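Engineer: Its first residue numbered 81, the sequence shown is counted upward by one per residue in the numbering used here.
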Amino acid sequence: MRVQLGRQLLDRQIVDSAGRLVGKVDDVEFAVDDGGYPYVAFLLSGQGALGQRIGGRIGRLLVAVADRFTEDPPTPPVRIPITLVTRMDSAVRLRCRGEELPRPPVEAWLRRHLIDRIPGADRASG
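Set out below in structure tokens:
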């Protein structure tokens with residue numbers, strides 16, 4: 081599958097097999113095959129990945145804010161293997177459910193320290 085990263089992949093919404101929004105493609109991770117050709121191995125999602133892609137002051141600020149909400153900085157991005165992608169159209173569609181992916185570190189921190197403390201939060205969907 082050939083794509084132009086800037087137009088067809090970066091900043092696209094990631095949708096799981098149930099049609100639920102999982103995140104956004106903030107960056108990609110390359111690998112090199114046996115022939116020496118690079119290919120996209122993982123989609124990266126999360127504030128840390130976006131900050132590193134943007135760079136400069138704004139990028140450093142995004143990374144710093146993400147690191148502030150985790151117990152063990154630096155905040156790693158969520159890495160989604162490209163093998164889980166079924167198709168790319170207006171969104172990147174996955175063959176798995178969102179629950180099968182690792183939870184973004186900032187989201188996990190917010191859930192543990194803020195959302196779970198709200199009365200009735202255990203009955204909310206999520």
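The beta carbon of each residue, even a glycine, is placed where N, CA and C say it ideally should be.
Remember, it's a predicted structure, so these values are computed and weren't measured experimentally.
Contact between the segment 151-163 and the segment 126-137: three or more CB pairs below 8 Å?
Structural biologist: Verdict: yes, contact present.
Engineer: Using 8 Å as the Cβ pair cut-off and three pairs as the minimum, do the segment 135-153 and the segment 103-113 touch?
Structural biologist: No contact exists between the segment 135-153 and the segment 103-113.
Engineer: In chain order, what are the residue ranges of uninterrupted beta strand (DSSP E) at least 3 long that sit wholly in the segment 118-152?
Structural biologist: Counting whole runs of 3 or more residues, the segment 118-152 contains the beta strand (DSSP E) stretches 118-125.
Engineer: May I have the straight-line CA-CA distance separating E180 from W189, to the nearest angstrom?
Structural biologist: Near 18 Å, if we compare the C-alpha coordinates of W189 and E180.
Engineer: Could you tell me how far apart the beta carbons of D107 and R140 are, in whole angstroms, since I believe they sit closer than 8 Å?
Structural biologist: Rounded, the Cβ-Cβ distance is 15 Å, inconsistent with contact.
Engineer: Applying the criterion that 16 or more other CB atoms from any shown protein chain within 10 Å of the CB defines a buried residue, is D96 buried or exposed?
Structural biologist: Burial call: buried.
Engineer: What is the DSSP secondary structure of R191, reduced to helix, strand or coil?
Structural biologist: Here R191 sits in helix by DSSP.
Engineer: Which residue's Cα is closest to the Cα of P182: D91, Y117 and S125?
Structural biologist: Out of D91, Y117 and S125, S125 has the C-alpha closest to the C-alpha of P182.
Engineer: Confirm, please, whether the CB-CB distance from Q88 to L101 is below 8 Å.
Structural biologist: Contact: no.
Engineer: Let me make sure I understand the geometry here. Which of R197, L194 and E187 has the alpha-carbon closest to that of A146?
Structural biologist: For A146, the nearest C-alpha among the options comes from E187.
Engineer: How many Å lie between L123 and R192 at the Cα?
Structural biologist: In a straight line, the C-alpha of L123 is about 25 Å away from that of R192.
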